[in-house]
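One structure is given below, encoded as structure tokens.
In our numbering, the protein residues as written are 6 to 319.
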């Protein structure tokens with residue numbers, strides 16, 4: 006299997022690509038290239054005149070694309086998906102894209118590489134940056150953040166019940182020995198959380214929260230979704246896979262808000278046609294979850310949700 010050889014199995018692969026309703030000569034964007042599972046599937050459905058532009062902020066993903074994707078229809082851009090409009094504008098493609106696919110979250114190669122610092126099961130530097138050339142590492146943030154800020158991040162982004170206890174312990178311990186390694190932080194969290202959730206490591210929520218903070222993930226998702234309005238041509242599709250409730254909530258709310266008319270005070274002389282101009286998307290079907298068979302083959306798929314919307318002409 007090509008994906009397995011790349012160290013990553015794309016979740017909801019066929020469903021997400023089918024959601025794009027690909028036209029052979031269309032222009033498509035894979036906003037989260039990773040190891041190219043979805044991109045490869047899109048290319049299979051494109052004709053000779055089709056085009057696929059992929060984005061990724063991870064230098065290792067860019068290198069992988071350079072080694073494994075020699076296709077004249079394909080182009081890879083080293084950039085966060087929140088910055089797609091400027092890159093696509095330079096290509097003359099703003100408002101001309103027929104589909105955008107976003108596969109949110111961390112890829113398996115990132116988790117499996119201890120040196121990236123995403124895993125609480127493997128010892129490595131406490132980094133967690135998607136783009137290692139930019140921003141603060143997790144270790145740097147934990148060394149300088151206020152206790153209340155750490156607690157807020159753990160609670161809001163990790164939905165961690167023990168956020169205040171963990172934050173207090175981090176601040177107390179860092180005065181003697183700053184956290185530099187993943188297992189040092191994971192070990193502290195294990196000491197605080199005595200009762201485990203079934204099938205879940207005690208550090209799962211905290212590592213997720215810190216990763217989201219370090220990479221500004223939720224803000225990037227909101228920006229990318231808002232940008233899709235200007236990127237997509239009328240009839241263009243938006244296909245988004247999320248992996249936890251915070252991501253899915255943002256996607257669900259965006260699609261719901263953009264698929265209904267704006268509320269206006271009663272009595273204003275506003276026509277139905279004028280109201281409909283504010284409707285940017287229509288949702289396509291219900292949220293799609295992986296089959297039991299897919300979850301059995303790939304446990305990472307367990308929490309995934311796919312939502313699809315179509316750009317209207319408004």
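The beta-carbon is built from N, C-alpha and C at its ideal position, and this holds for glycine as well.
Rounded Cβ spacing between residue i and residue j (contact assumed at less than 8 Å)
{"i": "residue 17", "j": "residue 309", "result": "6 Å"}
{"i": "residue 230", "j": "residue 212", "result": "About 25 Å separates the two Cβ atoms, so there is no contact after all."}
{"i": "residue 160", "j": "residue 168", "result": "4 Å"}
{"i": "residue 236", "j": "residue 93", "result": "6 Å"}
{"i": "residue 333", "j": "residue 55", "result": "Summary: the structure shown does not reach residue 333, with the chain confined to residues 6 through 319, and so no result is reported for it."}
{"i": "residue 158", "j": "residue 115", "result": "About 20 Å; that fails the 8 Å criterion."}
{"i": "residue 41", "j": "residue 70", "result": "6 Å"}
{"i": "residue 155", "j": "residue 175", "result": "6 Å"}
{"i": "residue 127", "j": "residue 187", "result": "7 Å"}
{"i": "residue 247", "j": "residue 256", "result": "5 Å"}
{"i": "residue 238", "j": "residue 100", "result": "6 Å"}
{"i": "residue 89", "j": "residue 232", "result": "6 Å"}
{"i": "residue 163", "j": "residue 119", "result": "Incorrect: roughly 21 Å between the Cβ atoms, too far for contact."}
Assigned secondary structure, residue i (DSSP; H/G/I helix, E/B strand, else coil)
{"i": "residue 8", "result": "Because the pLDDT of residue 8 is 49, which lies under 50, any placement of that residue in the model is unreliable, and the question is left without a value."}
{"i": "residue 264", "result": "coil"}
{"i": "residue 43", "result": "helix"}
{"i": "residue 22", "result": "helix"}
{"i": "residue 300", "result": "helix"}
{"i": "residue 293", "result": "strand"}
{"i": "residue 310", "result": "strand"}
{"i": "residue 178", "result": "helix"}
{"i": "residue 144", "result": "helix"}
{"i": "residue 149", "result": "helix"}
{"i": "residue 14", "result": "coil"}
{"i": "residue 139", "result": "coil"}
{"i": "residue 194", "result": "helix"}
{"i": "residue 27", "result": "coil"}
{"i": "residue 305", "result": "helix"}
{"i": "residue 166", "result": "coil"}
Residues that residue i bridges to, as DSSP identifies them
{"i": "residue 287", "result": "315"}
{"i": "residue 56", "result": "32"}
{"i": "residue 158", "result": "According to DSSP, which records beta bridges pairwise, residue 158 is partnered with nothing at all."}
{"i": "residue 186", "result": "130"}
Proximity of residue i and residue j at Cβ, strictly below 8 Å
{"i": "residue 317", "j": "residue 226", "result": "no"}
{"i": "residue 221", "j": "residue 315", "result": "no"}
{"i": "residue 132", "j": "residue 122", "result": "yes"}
{"i": "residue 39", "j": "residue 112", "result": "yes"}
{"i": "residue 83", "j": "residue 58", "result": "no"}
{"i": "residue 35", "j": "residue 47", "result": "yes"}
{"i": "residue 289", "j": "residue 31", "result": "no"}
{"i": "residue 285", "j": "residue 263", "result": "yes"}
{"i": "residue 86", "j": "residue 60", "result": "yes"}
{"i": "residue 185", "j": "residue 144", "result": "yes"}
{"i": "residue 152", "j": "residue 142", "result": "no"}
Cβ-heavy atom distance, residue i to the ligand MN, below 7 Å
{"i": "residue 211", "result": "Looking at this structure, you won't find the ligand MN or any other ligand, since it has none at all."}
Entirely within the segment 196 to 265 and at least 3 residues each: give me those beta strand (DSSP E) ranges in chain order. Whole beta strand (DSSP E) segments, 3+ residues: 237 to 247.
Residue ranges of each alpha helix (DSSP H) run of no fewer than 4 residues wholly in the segment 52 to 127, ordered along the chain? For the segment 52 to 127, whole alpha helix (DSSP H) runs of length 4 or above, ordered along the chain, are 64 to 73, 89 to 95 and 113 to 117.
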